[in-house]
Amino acid sequence: MICPSCGNISEQDDKFCSRCGLFVTAQTQKLFSSVSTFSWIMRRALGGMFAGVIGWILSIALSRTIGTSSSMTVHLIVGGAIGGAFLGNVGGIIEHSSYKALLGGILGCIGGILGGLINRPIYDYFSAHSLAYSISHSFSWAVAGLFIGATSGLIEKNKKKIMVGVIAGFIGGAIGGGLGSGLYVSLLIDVNRPGWITSRFIEALAGAVVGMNLWFILGLVEKLYIFNRKQLLDATEKICDFCNTHNSLRAWYCKNCGKTLLVSAPVEKLKITPYRSLERISNAFKFISWLSAVAGVVLVLIIFIFLLFKNPFFAVFVSVALAIVIYMISVLLNGVSEVFTKFIKIREAE
Ligand SMILES: [Zn+2]
Ligand SMILES: [Zn+2]
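When the count follows our numbering, it moves up by one through the sequence shown with no breaks and lands on 360 for the last residue.
Quick look at the structure:
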């Protein structure tokens with residue numbers, strides 16, 4: 011068992027923690043696991059918030075680049091595609107899985123485009139209503155959330171988990187879309203002629219609200235249902251339910267058939283660093299490093315297409331220069347993450 015007070019790992023039948031003297035009972039264990047469940051969900055919400063901030067600033071910048079010559083629906087589709095792609099990335103980036111990040115990003119992009127397509131018709135239908143703008147965006151992001159919610163279930167090839175994820179994504183997207191767009195409009199009305207920084211801040215806030223709500227609901231359902239695993243108590247390895255291959259306790263997927271391992275190792279058996287906060291900080295930097303790389307690719311593409319029609323040579327030059335800068339930023343952030351990881355390892359070896 012893990013002591014909820016100091017994190018010390020004690021034997022299964024110990025009554026008191028040998029490090030800090032706190033009694034360790036089933037109740038204190040429950041408290042410990044519910045706190046860690048909550049922080050697991052909050053990490054997803056936080057990831058959604060970061061992705062929303064970057065996705066919204068980028069998509070609104072692109073919208074401005076397209077200009078007023080294009081129809082409202084084109085703007086909504088572009089915004090949906092970029093915002094959806096960023097929000098879809100979150101789960102995969104947190105789990106350090108490029109495959110999942112890509113799948114989620116593509117699903118989010120498709121959902122965002124569909125959401126953008128239905129936005130105007132819904133707005134027109136509710137146009138007499140004072141909340142028409144929030145209602146239409148609520149539906150748009152519900153559709154994007156629906157696609158994003160399918161990601162984890164699709165990877166496990168489990169229909170029931172896909173359905174549950176889809177419903178959670180729909181609800182989370184609807185809440186986030188409604189609140190985020192409502193906040194956006196009311197801030198634009200309240201703040202008289204906002205300056206450059208204030209405008210970006212309002213956009214970022216809208217994206218943050220959408221991403222945070224979507225990933226809070228989705229994270230809640232993923233943690234409590236989709237990723238719910240049977241806990242192994244005295245196992246030294248994980249045996250695959252589908253092909254009976256023996257996998258290590260650290261494995262999440264079967265090395266033989268690639269299916270998800272439906273059991274989880276007891277926490278005491280895994281080698282956990284006592285420097286958990288450092289590990290969190292390291293993971294946060296890794297997350298931002300990935301996110302900045304994804305954002306960078308999108309940004310370079312946008313700028314390249316935009317400049318291509320004006321001056322092809324200049325377009326290539328600026329895009330390459332920008333790509334190098336973004337690559338450097340991403341490597342730097344990843345480096346910061348590695349410094350923390352190294353520090354954790356050095357301390358462990360002592
Ligand atoms: Zn203790
Ligand atoms: Zn297997």
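Every residue gets a Cβ at the ideal spot worked out from N, C-alpha and C, and that includes glycine.
Tell me whether Lys171 sits in a helix, a strand or coil according to DSSP, three-state version.
helix
When every heavy atom of ligand 1 is checked, does at least one fall within less than 6 Å of the C-beta of Leu32?
yes
I need the straight-line Cα distance from Lys25 to Leu243, nearest angstrom please.
18 Å
Since His256 sits in a beta bridge, which residues does DSSP pair it with?
Ile249
At what residues does the alpha helix (DSSP H) containing Ile227 begin and finish?
Looking at the DSSP string, the run of the alpha helix (DSSP H) that includes Ile227 is Trp206 to Val231.
With which residues is Val273 paired in a DSSP beta bridge?
Lys240
Is Asn321 buried or exposed, if buried means 16 or more other CB atoms sit within 10 Å of its CB?
The residue is exposed, with fewer than 16 neighbouring Cβ atoms inside 10 Å.
Is it the case that the region 185-205 contacts the region 43-55, given that we only count it when at least three CB pairs across the two stretches are under 8 Å?
No contact exists between the region 43-55 and the region 185-205.
When the Cα atoms are used, what is the spatial distance from Leu193 to Ile172?
31 Å
For Gly121 versus Val153, is the C-beta distance shorter than 7 Å?
Yes, these two residues count as a Cβ contact at 7 Å.
Skipping 5 residues on each side, what residues in its chain have a beta carbon closer than 8 Å to that of Tyr235?
Once the five neighbours on either side are set aside, the close Cβ partners of Tyr235 are Lys171 and Val174.
Run through DSSP, which three-state label would Tyr10 get?
Nothing about residue 10 can be reported from this structure: the residues present for the chain run from 11 to 360 only.
Buried or exposed: where does Leu224 fall if 16 or more other Cβ atoms within 10 Å of its Cβ makes it buried?
buried
Got a sec: is the Cβ-Cβ distance from Tyr194 to anything in chain D below 7 Å?
Considering every chain present, this structure includes no chain D. It has just one protein chain.
Restricting to Cα atoms, I'd like to know which of Leu228, Phe60 and Gly102 is closest to Ala111.
Gly102
Buried or exposed for Ser287, please, with buried defined as at least 16 other CB atoms from any protein chain shown within 10 angstroms of its CB.
Exposed, since its Cβ has fewer than 16 Cβ neighbours within 10 Å.
Between the Cα of Lys167 and those of Ala216, Gly229, Leu272 and Gly65, spot the shortest distance and give me the residue it belongs to.
Taking only the C-alpha atoms, the option nearest Lys167 is Leu272.
Between the C-alpha atoms of Gly229 and Ala55, what's the straight-line distance to the nearest angstrom?
7 Å
Can you tell me the Cβ-Cβ gap for Glu232 and Ser162, rounded? I've got them flagged as a contact below 8 Å.
Confirmed, Cβ separation roughly 6 Å.
Taking the straight line between their C-alpha atoms, what separation do you get for Asn266 and Leu113?
Distance between the alpha carbons of Asn266 and Leu113: 22 Å.
In its own chain, which residues sit with a C-beta less than 7 Å from the C-beta of Gly115, not counting the 5 before and 5 after it?
Ala95, Gly98 and Asn99
Determine which residues share a DSSP beta bridge with Phe33 and list them.
As computed with DSSP, Phe33 is found in a beta bridge with Phe26.
Assign Tyr135 to buried or exposed, taking buried as 16 or more other Cβ atoms, counted over all protein chains shown, within 10 Å of its Cβ.
exposed
Taking 8 Å as the threshold, find out whether the region 296-309 comes into contact with the region 331-350 through three or more Cβ pairs.
Under the Cβ criterion (8 Å, minimum of three pairs), the region 296-309 counts as touching the region 331-350.
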